[in-house]
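In the working numbering, the protein residues as written are 57 to 356.
We put the beta carbon where it would ideally sit given N, CA and C, even for glycine.
Working notes, structure below.
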């Protein structure tokens with residue numbers, strides 16, 4: 057269970073590393089795009105045409121503005137598991153003790169109920185009702201409502217009390233419910249940043265063989281795509297710099313191969329996404345030496 061683990065009389069309530077990974081992924085892959093859009097949009101609206109100084113200042117500001125949230129997101133993703141483990145709460149039902157991080161212990165009486173309540177506009181909190189109240193999870197994302205409701209039901213069963221969970225929490229699944237086949241398809245999504253986020257997220261949080269295979273193959277495919285883009289840039293850019301051709305002709309000769317590469321990339325990734333959603337682990341021929349090692353065993 058995502059937020060709760062029981063071992064006899066000891067019940068561990070902890071934050072979900074998946075929530076922290078998602079938080080970091082939004083900063084790493086989403087915030088830089090927003091900063092770049094605002095920065096270059098402001099430059100296009102306000103800067104004088106041909107102003108090299110304004111271009112340099114805007115470029116530097118956008119680079120720094122993109123790097124800061126990306127670095128924060130990377131650190132948040134890298135430390136997600138450690139931070140989730142460090143904030144777990146252990147309930148010893150036999151001894152009637154709540155052990156909190158840092159060695160703090162609280163003695164509690166038999167609670168009146170286990171309650172899931174709103175925490176702000178887009179979150180939930182888990183607590184033990186009684187005198188006094190004990191907050192176990194201060195805030196989890198709104199989309200994790202069903203998972204926190206299941207944890208509340210299980211904890212209430214262990215304590216022998218009722219669980220008070222609002223219907224909105226039981227029905228909260230988030231924009232993208234966690235389903236291995238859906239997430240395997242999203243790993244191949246032909247949108248840079250999104251596919252990397254889902255792939256890294258899957259490798260760090262899931263042991264599902266098809267999902268892990270899709271994540272690894274998507275990341276390997278991204279390396280191949282970047283390699284082809286660099287090769288095209290060198291093979292086309294250097295001759296076009298030397299040649300004395302009209303600018304429009306040079307631009308067309310440079311961009312057309314990239315457009316073809318982009319179309320092929322979209323076709324390949326969408327094909328892989330459809331096959332992954334249909335539970336078909338497609339080993340791409342050009343990645344076969346590596347991908348065959350990752351492929352899950354075929355069903356008999």
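As assigned by DSSP and simplified to three states, the class of residue i
| i | result |
| --- | --- |
| residue 264 | coil |
| residue 248 | coil |
| residue 63 | strand |
| residue 341 | helix |
| residue 197 | strand |
| residue 356 | Below a pLDDT of 50, predicted positions are generally treated as unreliable, and residue 356, at 47, falls in that range; the measurement from the model is reported next regardless. If DSSP states are grouped into helix, strand and coil, residue 356 belongs with coil. |
| residue 176 | coil |
| residue 209 | helix |
| residue 327 | helix |
| residue 76 | helix |
| residue 273 | helix |
Residue closest to residue i, alpha-carbon to alpha-carbon, out of the options
| i | options | result |
| --- | --- | --- |
| residue 319 | 169, 184 and 246 | 246 |
| residue 159 | 274, 111, 343 and 142 | 142 |
| residue 149 | 135, 65 and 79 | 65 |
| residue 341 | 334, 291 and 273 | 273 |
| residue 83 | 240, 71, 250 and 226 | 250 |
| residue 337 | 322, 218, 264 and 321 | 264 |
| residue 221 | 202, 79, 276 and 237 | 202 |
| residue 223 | 172, 259 and 258 | 172 |
| residue 71 | 252, 80 and 145 | 145 |
| residue 74 | 227, 163 and 133 | 133 |
Residue(s) in a DSSP beta bridge with residue i
| i | result |
| --- | --- |
| residue 348 | Residue 348 pairs with nothing; no bridge assigned. |
| residue 184 | 170 and 190 |
| residue 153 | 148 and 163 |
| residue 68 | 61 and 146 |
| residue 219 | 170 |
Residue i versus residue j - alpha carbon distance
| i | j | result |
| --- | --- | --- |
| residue 89 | residue 205 | 34 Å |
| residue 110 | residue 121 | 16 Å |
| residue 170 | residue 182 | 7 Å |
| residue 185 | residue 193 | 13 Å |
| residue 356 | residue 266 | Low per-residue confidence applies at residue 356: pLDDT is 47, beneath 50, and the placement is therefore not dependable, though the value from the model is reported in the following sentence. Going from the Cα of residue 356 to the Cα of residue 266 covers about 15 Å. |
| residue 284 | residue 278 | 10 Å |
| residue 352 | residue 281 | 24 Å |
| residue 189 | residue 76 | 26 Å |
| residue 195 | residue 179 | 6 Å |
| residue 262 | residue 140 | 16 Å |
| residue 240 | residue 270 | 6 Å |
| residue 125 | residue 317 | 30 Å |
| residue 321 | residue 138 | 36 Å |
Own chain residues within Cβ distance below 6 Å of residue i, not counting five before or after
| i | result |
| --- | --- |
| residue 97 | none |
| residue 147 | 67 and 154 |
| residue 287 | none |
| residue 130 | 84 |
| residue 329 | 241 and 244 |
| residue 209 | 219 |
Beta-carbon contacts of residue i that lie in its chain and below 7 Å, excluding the five residues immediately before and after
| i | result |
| --- | --- |
| residue 95 | 114, 117, 118 and 121 |
| residue 255 | 243, 271, 274 and 275 |
| residue 92 | 118 and 122 |
The ligand NAD heavy atom lying under 6 Å from the CB of residue i
| i | result |
| --- | --- |
| residue 62 | Ligands in the displayed structure: none, and consequently the ligand NAD is not present. |
Close beta carbons around residue i, own chain, < 8 Å, minus the five adjacent residues each side
| i | result |
| --- | --- |
| residue 314 | 285 and 288 |
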